[in-house]
């Protein structure tokens, strides 16, 4: 057995179909540790066992019912599988996740194919707290071997699309079997086409949206597409946040201190009134080299491409890659799109969005933008300052391995001070700029351990008080972002508080919570995130930590954003600590 499966239930019997299943790799899995015993964990119960294949197991557990399976990956581009989760697609008002504080219902509009998600506070399904609708468009479901990578880190499957393992969906009235693939057009007015490789309902079925006389097979096709859309809603409620998250892993290894390149991001523009967003509209932006010269920021930032020498690959992500190189004899970091995206106008525009922002930022605590070089539109290259000291995450990992003393010495407080300087600068701009992905891997160091912020691929200018949710990296993400609420610059402050805990303990955030499970098993990230969002757990600090630093960090991670200090207030506090 090479995998384990933890099935989560709401009653102490741990029988029947679970609310969710979390499955992950465990080469040492044995039946003594994972023996199926029902274990109590505060607000839920779970049992675990060793399995061979997550898809076979999900099909076995959810036999004769509809279900969805989600693969979550550590690295952008759906690389390095982290865990596999399965959810029932019941549509009933049920508790989701690991708390009894929230219930939800999922309903389907049979005419439009839209899914309505309603969240309720408490256990009576009467006090509505959240409502949203997801249209059944823009998603692609296919067989297990051909599933597309969604948002950089997810692959999605329905019980229909799992070849040879899916159970029949008896409540749809269809006898479709394995090998069904569904493609829903991005154009909401276009037809929904369902193609089945082995279905008793026939071969190709096309049903125009909103048309009359939809047959049983077409309805089944619509349901297939909807199940996948429901997964996104379930994911939001299950994790208590949903991320068009940065796609890199929380534990990646990065040579040269440059985080995985996960920009450009698609579908992450803010819709808040008055928000200034660098994102280009689809189909807009430079269509030729001549158009680049019409962009004043890009044109004035250009440097000769022939003077940029690419030498060594540092990291590759889902959309781009970072190289070590030389410019005019100086060491630099070179950020470029992956070859397969260099001819995509959308990806080029998104890449240029980040370049424009970098060109406008100028502060000693932000990685210096040297310029942008190109010989052709598909050969764009952002040239950045090279940081010899690597990233803060790598430094802290080395501290942990070496048994470095916990707490805050002058070096650690100085690193925190430098980050606070950068945040104060960003938040004081007009309009303010939110980093939105502050974490230890995005804090780079010089050889003297001076800190600078980097990776502004999902940063955005803002002029009002709110932004839309769904960006950032989970373990550093503020509760209001996890909860899908609107947020402001205080979200960066929460992430800063999490970084302060890292500086103290050297471990990844919430490591204490992962190890504290009564069962002896590590608590899944899904449970941790939900407890963070509900204020049930917070980052911890060592007994050796300075009281003044703990006071500051605790204020930064306050559940209520209004209780957190501003970046300027945090900066002043750190300056006072260093003086003392």
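Residue numbers (the numbering used here): 249 to 828. Glycine included, C-beta positions come from ideal geometry on N, C-alpha and C.
Handout entry: Bridge partner(s) assigned by DSSP for residue 293
Key = 257, 288
Problem - residue 597 burial status per 10 Å Cβ neighbour count (16 or more: buried) - result: buried
Handout entry: Pairwise C-alpha distance: residue 732 and residue 761
Key = Near 23 Å, if we compare the C-alpha coordinates of residue 732 and residue 761.
Handout entry: Closest by C-alpha distance to residue 638, when choosing among 657, 805, 331, 700
Key = Considering only alpha carbons, the answer is 700.
Handout entry: Closest residue to residue 299 among 758, 288, 273 (Cα-Cα distance)
Key = 273
Exercise for the section: Report the rounded CA-to-CA distance for residue 790 versus residue 622, giving the unit in angstroms. Expected result: 49 Å
Practice task
Please classify residue 555: is it buried, with 16 or more other beta-carbons within 10 angstroms of its beta-carbon, or exposed?
Solution key: exposed
Exercise for the section: Report yes if the C-beta distance between residue 573 and residue 558 is below 8 Å; otherwise report no. Expected result: yes
Problem - Residue burial classification, residue 690 (beta-carbon count within 10 angstroms, cutoff 16) - result: buried
Practice task
Apply the 10 Å Cβ neighbour rule to residue 267 and answer buried if 16 or more other Cβ atoms are within range, or exposed otherwise.
Solution key: buried
Handout entry: Cα-Cα separation between residue 702 and residue 692, rounded to whole angstroms
Key = 7 Å
Problem - One or two residues paired with residue 584 in a DSSP bridge - result: 569
Problem - Simplified DSSP state of residue 321, which is helix, strand or coil - result: Assignment of residue 321 by DSSP, reduced to helix, strand and coil, places it in the strand class.
Practice task
Have a look at residue 695 and residue 316 and give me their C-alpha separation to the nearest angstrom.
Solution key: 48 Å
Exercise for the section: Please check if any C-beta of chain B sits within less than 8 Å of the C-beta of residue 692. Expected result: Absence of chain B from the displayed structure is noted, only one protein chain being present.
Practice task
Look at the alpha carbon of residue 796 and the alpha carbon of residue 742, and state the distance between them as a whole number of angstroms.
Solution key: Answer to the nearest angstrom: the Cα atoms are 17 Å apart.
Practice task
Starting from the Cα of residue 658, find the closest Cα among 301, 279, 822, 595 and give me that residue.
Solution key: Looking at the Cα atoms, 822 is the closest of the given residues.
Practice task
Could you pull the start and end residues of the alpha helix (DSSP H) that residue 328 belongs to?
Solution key: Here residue 328 belongs to no alpha helix (DSSP H); instead the beta strand (DSSP E) covers 327-336.
Problem - Residue burial classification, residue 318 (beta-carbon count within 10 angstroms, cutoff 16) - result: buried
Practice task
Give the single residue among 563, 632, 595 whose Cα lies nearest to the Cα of residue 578.
Solution key: 632
Exercise for the section: Could you pull the start and end residues of the alpha helix (DSSP H) that residue 827 belongs to? Expected result: 815-827
Practice task
Determine the closest residue to residue 656 out of 752, 681, 669, with distance taken between C-alpha atoms.
Solution key: 752
Exercise for the section: Only counting runs of 4 or more residues, tell me where the alpha helix (DSSP H) segments fall wholly within the segment 643-704, in order along the chain. Expected result: 658-676
Problem - Straight-line Cα distance separating residue 678 from residue 499 - result: For residue 499, the predicted structure reports a pLDDT of 37, less than 50, and the residue's modelled location is therefore unreliable. The matter cannot be settled from this model.
Handout entry: Cβ pair residue 809, residue 738 closer than 8 Å
Key = A contact, by the Cβ cut-off of 8 Å.
Problem - 7 Å Cβ shell around residue 660 - same chain, five flanking residues per side excluded - result: 751
Handout entry: C-alpha gap between residue 616 and residue 332, whole angstroms
Key = Rounded to whole angstroms, residue 616 to residue 332 spans 39 Å at the Cα level.
Practice task
Can you grab the Cα-Cα spacing for the pair residue 543 / residue 629, in whole Å?
Solution key: Using only the alpha carbons, I get a separation of about 16 Å.
Handout entry: Own chain partners of residue 302 with C-beta closer than 6 Å, once the 5 adjacent residues on each side are dropped
Key = 271, 332
Exercise for the section: Let me know if residue 619 comes out buried or exposed under the rule of 16 or more other beta-carbons within 10 Å of its beta-carbon. Expected result: Counting of Cβ neighbours within 10 angstroms places residue 619 among the buried residues, the total reaching 16 or more.
Handout entry: Minimum C-alpha distance to residue 673 - residue among 723, 609, 704
Key = Nearest option by C-alpha distance: 609.
Practice task
Using alpha carbons as the reference points, say which of 777, 624, 756, 745 lies closest to residue 799.
Solution key: The alpha carbon of residue 799 has as its nearest neighbour, out of 777, 624, 756, 745, the alpha carbon of 745.
Exercise for the section: For the beta strand (DSSP E) holding residue 632, just list the boundary residues, first then last. Expected result: 629-633
Exercise for the section: Select from 730, 773, 781, 783 the residue whose C-alpha is nearest the C-alpha of residue 321. Expected result: 773
Practice task
Would you tell me roughly how many angstroms separate the C-alpha atoms of residue 662 and residue 827, rounded to the nearest one?
Solution key: 11 Å
Exercise for the section: Give the range of the alpha helix (DSSP H) segment to which residue 779 is assigned. Expected result: 773-781
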